[in-house]
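Visitor: First residue of the sequence shown: -3, per our numbering; consecutive thereafter. Idealized CB from N, CA, C, for every residue including glycine. Note that the structure is predicted; figures quoted are calculated from it, not measured. This is the structure I want to talk about, given as structure tokens.
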Amino acid sequence: MGPKAVAAAGVVVGVATGIVTNLITSRWSWSLAASLAVLVVAAVVIAVQDSTMGMGNRTRVRQRADRGGRIDRSGITARDGASTDQRATRDGRIIESPLTSRGAEARQRADRGGEMTHSPLDAGQ
């Protein structure tokens, strides 16, 4: 569900909870109590869904060297929801090639004996 649908569902569940609460205080019944319990659980689920929606915009940093790959003096700086990936595999080397990203996707890769030297990458919005 998108953020607007979650917000709308939250309002509808809130209104329904209020109506059922008013009904249950004027006349008690097990069906109203069960309805109220279901609405409370639905409100909790919607609140949790809403709280995790912004997590898609988290900054992600990956730096990996394996299978003989090497990364030397090539740090990563990322912010504002950037997604970065710096990888050296199969004897590939990344040397003195820092990666900077501000809200963008940035990748540096060297593999199969490839080498990246003195090649800084600066990606921004």
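I'd like to know whether the C-beta atoms of ASP107 and GLY88 end up nearer to each other than 7 Å.
Guide: The count along the sequence shown starts at 1 and reaches residue 107 at position 111. The count along the sequence shown starts at 1 and reaches residue 88 at position 92. Yes. Within cutoff.
Visitor: Taking the continuous beta strand (DSSP E) assigned at GLY6, which residues delimit it?
Guide: By 1-based counting over the sequence shown, the position of residue 6 is 10. That residue, GLY6, is in no beta strand (DSSP E); its alpha helix (DSSP H) goes -1 to 22.
Visitor: Since GLY120 is in the beta strand (DSSP E), which residue starts that stretch and which ends it?
Guide: As a working note, residue 120 is residue 124 in the sequence shown. Start and end: 117 to 120.
Visitor: Out of GLN104, THR96, ALA100, GLU101, point me to the one whose CA is closest to ASP118's CA.
Guide: Counted from its first residue, the sequence shown places residue 118 at position 122. Among GLN104, THR96, ALA100, GLU101, the Cα nearest to that of ASP118 belongs to THR96.
Visitor: For SER70, count the other beta carbons within 10 Å of its own beta carbon; 16 or more makes it buried, fewer makes it exposed. Which is it?
Guide: Counted from its first residue, the sequence shown places residue 70 at position 74. Buried.
Visitor: What is the DSSP secondary structure of ALA39, counted as helix, strand or coil?
Guide: Within the sequence shown, the letter at position 43 stands for residue 39. In the structure shown, ALA39 sits in a helix (DSSP, three-state: H, G or I).
Visitor: Closest to ALA61 by C-alpha separation, out of ARG75, VAL36, LEU35, ALA84, would be which residue?
Guide: Mapped onto the sequence shown, residue 61 falls at position 65. The shortest Cα separation from ALA61 among ARG75, VAL36, LEU35, ALA84 belongs to ALA84.
Visitor: Would VAL9 and LEU35 qualify as a contact pair, given that the criterion is a beta-carbon distance under 7 Å?
Guide: Within the sequence shown, residue 9 is the residue found at index 13, counting from 1. Within the sequence shown, residue 35 is the residue found at index 39, counting from 1. Against a cut-off of 7 Å, the Cβ pair of LEU35 and VAL9 comes out as a contact.
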